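Chains as they are written, first to last, in our numbering: chain A, 1 to 118; chain B, 119 to 233.
Here the structure is laid out as C-alpha cells; the discussion comes afterwards.
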Amino acid sequence: DAGVIQSPRHEVTEMGQEVTLRCKPISGHDYLFWYRQTMMRGLELLIYFNNNVPIDDSGMPEDRFSAKMPNASFSTLKIQPSEPRDSAVYFCASSLPGGASHDGDTQYFGPGTRLTVL
Amino acid sequence: AQKITQTQPGMFVQEKEAVTLDCTYDTSDPSYGLFWYKQPSSGEMIFLIYQGSYDQQNATEGRYSLNFQKARKSANLVISASQLGDSAMYFCAMRERNTGNQFYFGTGTSLTVIP
Chain A
1 DAGVIQSPRH EVTEMGQEVT LRCKPISGHD YLFWYRQTMM RGLELLIYFN
51 NNVPIDDSGM PEDRFSAKMP NASFSTLKIQ PSEPRDSAVY FCASSLPGGA
101 SHDGDTQYFG PGTRLTVL
Chain B
119 AQKITQTQPG MFVQEKEAVT LDCTYDTSDP SYGLFWYKQP SSGEMIFLIY
169 QGSYDQQNAT EGRYSLNFQK ARKSANLVIS ASQLGDSAMY FCAMRERNTG
219 NQFYFGTGTS LTVIP
C-alpha cells in the first residue's frame with residue numbers, strides 16, 4: 001500500500017485566500033484524522049471521521065475551518081479565509097477501527113502539508 | 119487531566135548507550151492501545167512500537183522496547199544502542215477503544231544522540 005497520501009506537500013498563500021488540503025487514507029482504513037502541528041501548540045487533533053462521518057470536530061479552531069469526507073478514499077480540510085496564524089503543518093492519519101492488536105489499533109500518518117499564510 | 123504526560127522535554131544520550139523516554143497515561147477504559155512515534159527533523163511521523171492493554175509481555179521492535187507497567191500507568195520507550203539517526207522528537211500516544219477510538223498524544227521528548 002502507498003500509505004496515507006497528502007497534497008499538496010507545501011502551500012504558500014496570502015491572507016484571505018481559500019486553502020484546500022487533501023488526503024487519501026490507506027485503503028480499508030475507516031478512521032481518518034486531521035491534525036495540526038505548531039511549535040507553540042504542539043500536535044492538535046482537529047477532527048476525525050469514522051466511515052466518512054465526522055465523529056468529533058471539537059478541535060476545529062473556528063468556522064473558517066471545515067472538513068469533508070465524501071467517500072472512503074478522500075478527505076479535504078478547507079480554510080476560508082486563511083490567516084497567518086493558520087501557518088502550520090497539517091497531518092492526515094488513518095487507522096482501522098481499533099482492536100486488540102497492532103494492526104487494528106495503529107494510526108498511520110501522511111507526510112503532512114506545510115502551510116504558510118503570508 | 120492530561121491523557122498522556124511526557125515529562126522530559128529534552129534528553130541527551132551518548133551514541134551506543136541506552137536511553138529511556140518516559141510516558142504516563144490516564145484512562146479508565148480497560149481496553150486501550152499505547153504507541154510511540156518518532157518525528158525526525160524532516161517532519162514525518164513514524165510509527166515505532168505498539169502495546170495493547172491486554173498484552174502480557176512488553177513489546178519489542180528491534181532496538182525499541184516498551185516498558186509497560188499497567189498498575190503505574192506508564193509506557194516508557196527504551197532505545198538500546200543509540201545511533202545518531204535516533205536524534206528526533208518522540209511522541210507517546212494512546213487510543214481508548216471504548217470511548218470513541220480517539221488518539222491522544224503527549225507533548226513529545228526531543229532526543230539528541232551525542233557522538
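Ideal Cβ placement from N, Cα and C applies to all residues, glycine included.
Because the structure is a prediction, the values reported are computed rather than measured.
Excluding residues up to 5 positions away in sequence, E11, V19, D86, S87, A88 and Y90 lie with their Cβ nearer than 7 Å to the Cβ of L115(A) in the same chain.
Within the DSSP secondary-structure output, V117(A) pairs in a beta bridge with T13(A). Residue environment: M39(A) is assigned as exposed (fewer than 16 neighbouring CB atoms within 10 Å of its CB, all protein chains considered). For M129(B), the enclosing beta strand (DSSP E) begins and ends at G128 to Q132.
Excluding its 5 nearest sequence neighbours in each direction, F65(A) has C-beta neighbours in its own chain below 6 Å: I79, listed in chain order. Collapsing the DSSP output to three states places G110(A) in coil. Taking a Cβ-Cβ cut-off of 7 Å, the neighbours of G218(B) in chain A comprise I55 and D56, given in sequence order. In the DSSP secondary-structure assignment, I5(A) is bridged to K24(A).
At a C-beta separation below 8 Å, P8(A) has no neighbours in chain B, since its nearest C-beta there lies roughly 14 Å away. Considering only beta carbons, the part of the stretch 17–42 of chain A lying closer than 9 Å to chain B consists of Y31, F33, Y35, Q37 and G42, in chain order. Residues of chain B with a Cβ closer than 9 Å to the Cβ of P97(A) are, in chain order, R215 and N219. Interface criterion not met: the Cβ of F130(B) is under 9 Å from no Cβ in chain A.
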